[in-house]
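Read the structure below first, then the notes.
Protein chains: 2
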Amino acid sequence: NQLRQAAAAAREGSWALPTIDTKTNIRSIYAPVGPVVVFGPNNFPFAFNGMAGGDFAAAVAAGNPVIAKGHSSHPGTTRLFAEEALLAAQDTDMPPGFVQMIYRTTHQDGCRLVSHPKIGATGYTGSRTAGLVLKEAADRAGKPIYLELSSINPVFVLPGALEERMEEVANQFTASCLLGAGQFCTNPGLVIVPKGDAGHRFVQAVKRRFEQTGPGVLLSESVERSFSKSLNTLLRAGAYVVTGGKPAADRGYGYQNTLLEVDGDTFVSNAVALETEVFGNCSLFVIADDGDQMVRIAERLEGNLTGCIYSHTDGRDDALYDRIAPVLRQRVGRLLNDKMPTGVAVTPAMNHGGPYPATGHPGFTSVGIPASLRRFAMLQCYDNVRPHRLPPLLRDKNPGGRAWRLIDRQWTRADVTA
Amino acid sequence: NQLRQAAAAAREGSWALPTIDTKTNIRSIYAPVGPVVVFGPNNFPFAFNGMAGGDFAAAVAAGNPVIAKGHSSHPGTTRLFAEEALLAAQDTDMPPGFVQMIYRTTHQDGCRLVSHPKIGATGYTGSRTAGLVLKEAADRAGKPIYLELSSINPVFVLPGALEERMEEVANQFTASCLLGAGQFCTNPGLVIVPKGDAGHRFVQAVKRRFEQTGPGVLLSESVERSFSKSLNTLLRAGAYVVTGGKPAADRGYGYQNTLLEVDGDTFVSNAVALETEVFGNCSLFVIADDGDQMVRIAERLEGNLTGCIYSHTDGRDDALYDRIAPVLRQRVGRLLNDKMPTGVAVTPAMNHGGPYPATGHPGFTSVGIPASLRRFAMLQCYDNVRPHRLPPLLRDKNPGGRAWRLIDRQWTRADVTA
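Order-wise, the sequence lines are chains V and C. Read in order, the letters of the first sequence correspond to residues 1 to 418 in our numbering. Read in order, the letters of the second sequence correspond to residues 1 to 418 in our numbering.
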């Protein structure tokens, strides 16, 4: 689906925002930036594979050759994709080397690659540590790099939502948090709940569900190791275990479904440590004294991919919503109402991005066509260039007549008329 | 004009690319990124002043408060703008502190400013050295920074253009190169000319014009010092003086109009040093053996704001054009035909940007509305957010009916209809 949408966007051409000013005869368009390096993550061997995933599709659709770095935890799948991609490139008469793939690289080789003069840009999805090493190298060389690092995807549950539909919210949260053993970039890892009876019952309701659901399997030994390390960071920072917290017996790599709790004061005073991501089936509940403290908690949040607010449908939470939402809005790429963040629709308005440290730049998205293609493009302007030398999409006649173009400040599919 | 266009764009709203997917009820828009720091340059006290120039206008039009750093060479002008801006902000009920200005800062204070957690982004126009110091600090903090550094704006003059209209090209070049004593970011500082009789006569024609034109005044002692230093770098790297090369007598800060020459082999083998920008009324002519060498010269070029190719109007240069243009295209933000680069129209299709080291990112432009506004914006997505909580431009009804919105992949000014 993702590959098909990207291919359709590439053929149609609107993604490149062709812009024509007839009076000055200045024309511009987004065009391929040059060979793109794609570092794929461990968690999505299909949708985000270095060789056939979102970054790969966007980079190729924008017209760039791709060098994909396969994640070492699924070399076989990646190799199959690579072979298919190679055949496809040959079938469609792409230049030799249009798609290439490499396996395990050292940090040093990765840095040389992303900063190489012939490389146009890099897409990276993975751990924060490795990502920041690559970012520093690319930044120093002036090469664009798009990172998707970590995100705890805060969920604010306002008092009215618990009054109205506590069981339903507990169901939605549990399903979202334990989906794929929690190994989604948009996994809800931080939930802010009001103190008091309703909040307490909500925590207990989630606890029951966590205990009734079998723990999923973590992807590798290294994911389990990192789960354990991050969990300890949270515990040392003042969180305590409501349920779980131990390796799952007899299930390969894995941990019990783990629910942690911390009070609002502790979170506010120790937010950096308590925002550590535990990648997997774990979530931290923050019990906020009141609405004021919920706002202060929002103010302490780092950049995230998503942020959710659950509120009563009759509007009784709206005053509090209006205080939390503007604070949360500037800290997340996608703001949700009454919905968990794990579903990421591949649709033009999707933003799978957000402020640092969720990604490296708050203006770009790695999912959602056309916008994700523009990451791997440079803006190319033509000033007084003779008509036959222009790229087809910038000539007076709209080739195919399907691409939207901004002509003299109006979007149109028509030709330029004298 | 720039401020008016920016204000009109802000009121109209199309710059923010409002995008609505009705089936999934996902909506997104570019929104203010947060307080923007603007470092203004020395050369445009009006159009690019930190307090009222292009970056300032774009940042404010995108909805951000601005902290402007005035360049120390025109504190008075900048102060007048600041006072006007403050009055305007008060008249329009902007929050206190919406515009602020500061003067001279140390590198250290500059770095603290651009990497401060409350800062959204930075716009910088100025020297490469200071710019890269700020870039490193901003990059490390994950804060977007848009730089306009240096550019030598190569001009390729193909053999046919000299046969056809040598005097005209010499006139255009001289006017462009000496405009404002050459202190434009798009000043043509590198000209590639074919070897032989026509090329020789072209150099002589430019030499005469340089000698007949009085030298302009450089902006400050520090510009003169930097002129002298860069000139020496070029001379040490193998260039020699055709005319000029000495400080101008009795004219305040200034240098004689200076024309340098170097052969193609020397340029190709020592391109890094020979691409040093001499900011001012100076240009380096490279005498290329033949078309092949012109292509090799293009391949050695760093990122630039602009690149020009002059060719015969009857098409006899087209084979060579077709070899040089693709190489040059990937290295410049704006490609021109038969036209010098100094004019920068403020128009939607303009790209005043280009690959590093001309700027910090090849996908952005600092001139041209709407695109320049999107530098100072973050992508904000709304997923299932209740209608009354959406920003007006993302509601079903198009407020005002003037903004273009991408609804279900079609650009339209209409409302969303059920």
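Note that beta-carbon positions come from the ideal geometry of N, C-alpha and C, so glycine has one too.
(request) Alpha carbon to alpha carbon, how far is C:THR258 from C:LEU231? Give it in angstroms, no decimals. (result) 9 Å
(request) Assign V:ILE192 to one of three DSSP states: helix, strand, or coil. (result) strand
(message) Can you give me the C-alpha to C-alpha distance between V:GLY400 and C:MET340, rounded to a whole angstrom?
(response) 33 Å
(message) Determine whether the beta carbon atoms of C:VAL332 and C:GLY354 lie at a separation below 8 Å.
(response) yes
(message) Please tell me whether V:GLY120 and V:VAL242 are closer than 8 Å, where the distance is taken between their beta carbons.
(response) no
(request) Can you tell me which of C:THR106, C:GLY63, C:PRO96 and C:VAL33 puts its alpha carbon nearest to the alpha carbon of C:LYS69? (result) C:THR106
(request) Excluding the 5 residues preceding and the 5 following C:LYS207 in the sequence, name in chain order all residues of the same chain whose CB lies nearer than 8 Å to its CB. (result) VAL242, THR243 and LEU259
(message) Taking 8 Å as the threshold (C-beta atoms), are C:THR125 and C:LEU305 in contact?
(response) no
(message) Does chain V have any CB closer than 8 Å to the CB of C:CYS185?
(response) no
(request) Taking C:GLY363 as the query, report the chain V residues whose CB atoms sit under 8 Å from its CB, ordered along the chain. (result) TYR30, VAL33, PRO144, ARG374, ARG375, ALA377, MET378 and LEU379
(message) Let me confirm a value: C:LEU87 is counted as buried when at least 16 other C-beta atoms fall within 10 Å, else exposed. Which label applies?
(response) exposed
(request) Identify the contact partners of C:ALA349 in chain V, using a Cβ-Cβ distance below 7 Å as the criterion. (result) THR19, ILE20, ASP21, ILE26, ARG27, SER28 and CYS381
(message) Is the beta carbon of V:SER150 closer than 8 Å to that of V:ARG128?
(response) yes
(request) Report yes or no: do the stretch 356-365 of chain V and the stretch 9-17 of chain V share at least 3 C-beta pairs separated by less than 8 Å? (result) no
(message) Please report whether the beta-carbon of V:ASN304 lies at a distance below 8 Å from any beta-carbon of chain C.
(response) no
(request) Could you say which of C:GLN380, C:PHE267 and C:GLU275 lies nearest to C:ALA16 if we only look at CA atoms? (result) C:GLN380
(request) Measure the Cβ-Cβ separation of C:GLN5 and C:ILE369 and say whether it is below 8 Å. (result) yes
(request) List the endpoints of the continuous alpha helix (DSSP H) containing C:MET166. (result) 159-178
(message) Give the list of continuous beta strand (DSSP E) stretches no shorter than 3 residues that lie fully inside the stretch 208-244 of chain C.
(response) 240-243
(message) Using CA atoms only, rank isn't needed, just tell me which of V:LEU190, V:ASP383, V:ASP289 and V:ILE26 is closest to V:ILE152.
(response) V:LEU190
(request) Return the CA-CA distance between C:ASP109 and V:GLN410, expressed in angstroms with no decimal places. (result) 43 Å
(request) May I have the straight-line CA-CA distance separating V:LEU406 from V:ALA59, to the nearest angstrom? (result) 23 Å
(message) Measuring straight from C-alpha to C-alpha, what distance separates C:GLY180 and C:GLN256?
(response) 13 Å
(request) Measure how close the beta-carbons of C:PRO188 and C:SER283 come, nearest whole angstrom, since I'm counting them as under 8 Å. (result) 6 Å
(message) Any beta carbon from chain C within less than 8 Å of V:TRP411's own beta carbon?
(response) yes
(message) Let's test the definition: count the other Cβ atoms within 10 Å of the Cβ of C:LYS246 and tell me whether it reaches 16, buried, or not, exposed.
(response) exposed
(message) Among V:ARG389, V:GLU163, V:ALA271 and V:SER226, whose alpha-carbon lies nearest the alpha-carbon of V:GLN293?
(response) V:ALA271
(request) Using alpha carbons as the reference points, say which of V:ARG395, V:LEU373, V:ARG375 and V:PHE376 lies closest to V:TYR382. (result) V:ARG395
(request) In the DSSP assignment, find the beta strand (DSSP E) that holds V:PHE285 and state where it starts and stops. (result) 282-288
(message) Between V:VAL108 and chain C, is the shortest Cβ-Cβ distance under 8 Å, so that the two count as touching?
(response) Sequence check: residue 108 of chain V is Gln here, not Val. Not an interface residue.
(message) Give me the subset of the stretch 330-347 of chain C whose CB atoms are less than 9 Å from a CB atom of chain V, sorted by chain position.
(response) GLN330, VAL332, GLY333, ARG334, LEU335, LEU336, ASN337, ASP338, LYS339, PRO341, GLY343, ALA345 and THR347
(message) Going by DSSP in three states, V:ARG405 sits in which element: helix, strand or coil?
(response) strand
(message) Only counting the same chain, and skipping five residues up and downstream in sequence, which positions put a Cβ closer than 7 Å to that of V:VAL114?
(response) VAL37, THR122, LEU134, ALA137, ALA138, LYS143 and ILE145
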